[in-house]
Structures are given as structure tokens and as C-alpha cells.
Amino acid sequence: MRKIIIAIDGYSGCGKSTTAKKVAAKLNYLYIDTGAMYRATTLYFLESFISLSNPKEIDKALSNIHLNFIFNSVTGNNDIFLNNLNVEEEIRKMYVSEKVSQVSTLPQVRKTLVDQQRRMAKKGAVVMDGRDIGTNVFPNAELKVFVTADINIRAARRQQELFEKGEEFTLPYIIANLNERDRIDTTRTENPLRKAEDAYILDTSYITINEQVDYVVNLYLGKVIP
Ligand code: DC
């Protein structure tokens with residue numbers, strides 16, 4: 020079969036990454052989590068106290084950030100490394116989630132990361148998830164999926180995920196964080212989150228992870244007709 024690019028975009032906490040990762044494993048494709056790249060960049064900015072209103076400082080910071088994904092044979096995950104340090108766990112914490120959308124609005128950050136994402140997917144056979152993959156990074160991707168879900172269900176899933184990692188937050192707090200990120204992600208000037216015209220919509224509210232994966236794999240196999 021032809022090696023293609025599968026672009027998976029959507030709101031925060033809809034199960035994009037879980038779906039994308041499993042689809043990639045099934046198809047033997049490379050999985051690239053672009054959210055992890057924005058999160059790792061945000062972590063660097065936080066740790067280095069970078070001022071988000073100082074373009075020179077931002078440029079300097081970006082030139083000091085080296086990101087790469089390394090396969091973790093224990094978890095089966097592609098862990099993200101920031102300057103040779105595995106930050107996969109740290110970037111999922113709430114204090115990073117609270118800043119990441121703001122950092123992602125910066126044009127310099129987006130340009131740097133989008134360039135890297137295009138380079139990483141040069142050879143095709145890639146599942147990439149994020150917010151602007153089907154609209155901006157790969158507008159010609161052969162298959163585009165836009166993921167959505169009910170906000171209460173997204174928040175409950177996120178609460179459980181955080182709980183399993185030792186962080187406890189109330190549902191209203193998580194709903195507020197998701198809504199705020201959606202607001203910033205959809206209204207920013209630079210490549211906002213929106214559904215590409217030719218993207219299929221996947222609502223994960225009432226379906227299982229296996230059903231989500233099958234939906235995308237079936238699209239890939241050409242079994243679902245628009
Ligand atoms: O997918 P995620 O929740 O880990 O993404 C974290 C944030 O990164 C998200 O709120 C917005 C930003 N992001 C982006 O602006 N563009 C992408 N392609 C991926 C993520």
C-alpha cells in the first residue's frame with residue numbers, strides 16, 4: 020500500500036493521541052505527537068523564565084531547544100526528549116497544560132516546530148496529531164480526521180489520566196482548563212485549530228478506543244465512503 024500522511028486534529032483531551040498512537044502501531048507507521056513538542060518547548064520556557072513578550076529572548080531560547088523522539092521499549096511509547104532529557108512525564112503535568120496554549124500562539128514557536136514536523140515526516144508513513152496538521156503542516160495529507168467529544172466526558176477522562184499520574188483536580192477546574200485551551204487554540208491568529216474542509220469528523224464521546232482506532236484504520240483502507 021502507498022505510504023501516506025494521516026493528520027489527526029481536534030480539541031484538547033478528545034483522545035487524539037491515544038487513537039493516533041494505536042493507528043500508527045497497527046499500520047506500522049511513525050507516530051508524531053506535535054502537542055508533545057509544544058509542551059516540551061513550554062517546559063523549557065517555564066524553566067528558563069523566558070519572557071513571552073520579548074522576541075529576542077524567544078529566538079535565543081528556540082535556538083537552545085533540541086527536541087527528539089526516542090522509542091521506549093518498556094512502554095511502547097515514543098518519548099520526547101528535551102535537550103537529551105526524557106520529559107515525557109513532566110510535560111503532561113497541569114502547570115505545563117496551563118501555559119502551553121499561550122506559548123503555542125507565538126509565531127516564532129510555531130514556525131520552528133512546524134519546520135521540524137515537516138522534516139520529520141519527509142518519508143511519509145506517518146500519523147501526526149495536533150491542532151493544525153491537516154490545515155497547515157500538511158494541507159495535502161491524504162487522510163485527515165478531526166476529533167471531537169463532549170466536554171464533560173473529555174474532562175472526566177483527563178481527570179482519570181492525571182489521577183493515575185498522582186495529580187488530583189476537580190472536574191470544574193479541568194473543564195475550565197480545557198475550555199480555555201480550546202478558546203486560545205481556536206482564536207489565535209497563527210494557524211488556529213479548525214476542521215479542514217476535507218477532514219472526517221470523529222466524535223469519541225460514546226465509543227471505545229478500539230472503535231476510534233478501527234474508524235481511522237477503515238478510512239485508511241478506503242472502507243468508509245464520505
Ligand atoms: O495535544 P496536546 O493537548 O498535548 O497539545 C498541547 C497544546 O499544544 C495545545 O493546547 C495547543 C498546542 N498545539 C498546537 O498549537 N499545535 C499543534 N499542532 C499541537 C499542539
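The sequence shown lines up with residues 20 to 245 when you count with our numbering. Glycine residues also receive a C-beta, built at the ideal position from the N, C-alpha and C atoms. Values in this document were obtained by computation on a predicted structure and should not be read as measured data.
Using 8 angstroms as the threshold, is the C-beta distance between V146 and V42 below it? yes
Tell whether a beta-carbon distance below 8 angstroms holds between S123 and Y192. no
Spatial neighbours of R11 in its chain, beta-carbon cut-off 6 angstroms, leaving aside the 5 residues before and after: Shown here, the chain extends from 20 to 245; a query on residue 11 therefore has no answer.
Would the beta-carbon of T206 be found less than 7 angstroms away from any heavy atom of ligand 1? no
Do the CB positions of Y239 and L46 come within less than 8 angstroms of each other? Going by C-beta atoms, Y239 is nearer than 8 angstroms to L46.
Span of the beta strand (DSSP E) holding A144? It is not in any beta strand (DSSP E) - A144 carries neither H nor E in the DSSP assignment.
Put K246 into one of helix, strand or coil per three-state DSSP. Nothing about residue 246 can be reported from this structure: the residues present for the chain run from 20 to 245 only.
How long is the line joining the alpha carbons of R202 and N97, rounded to whole angstroms? Each residue's alpha carbon lies about 28 angstroms from the other.
Simplified DSSP assignment, three categories, for D222: strand
Do R137 and ligand 1 come close, with the Cβ less than 7 angstroms from some heavy atom? At a threshold of 7 angstroms, R137 does not count as near ligand 1, since its beta carbon sits no closer than that to any of the ligand's heavy atoms.
From which residue to which residue does the beta strand (DSSP E) around G54 run? Where G54 is concerned, there is no enclosing beta strand (DSSP E), although the alpha helix (DSSP H) around it starts and stops at 53-66.
Assigned secondary structure, N229 (DSSP; H/G/I helix, E/B strand, else coil): helix
Per DSSP, which residues does N97 bridge with? Please list them. Paired residues: F90.
Closest to Q121 by C-alpha separation, out of T208, E109, R138, D28, would be which residue? T208
Under a three-way DSSP split, which group does A26 fall into? strand
In the DSSP assignment, find the unbroken alpha helix (DSSP H) run with T37 in it and report its ends. First-last of the alpha helix (DSSP H) with T37: 35-46.
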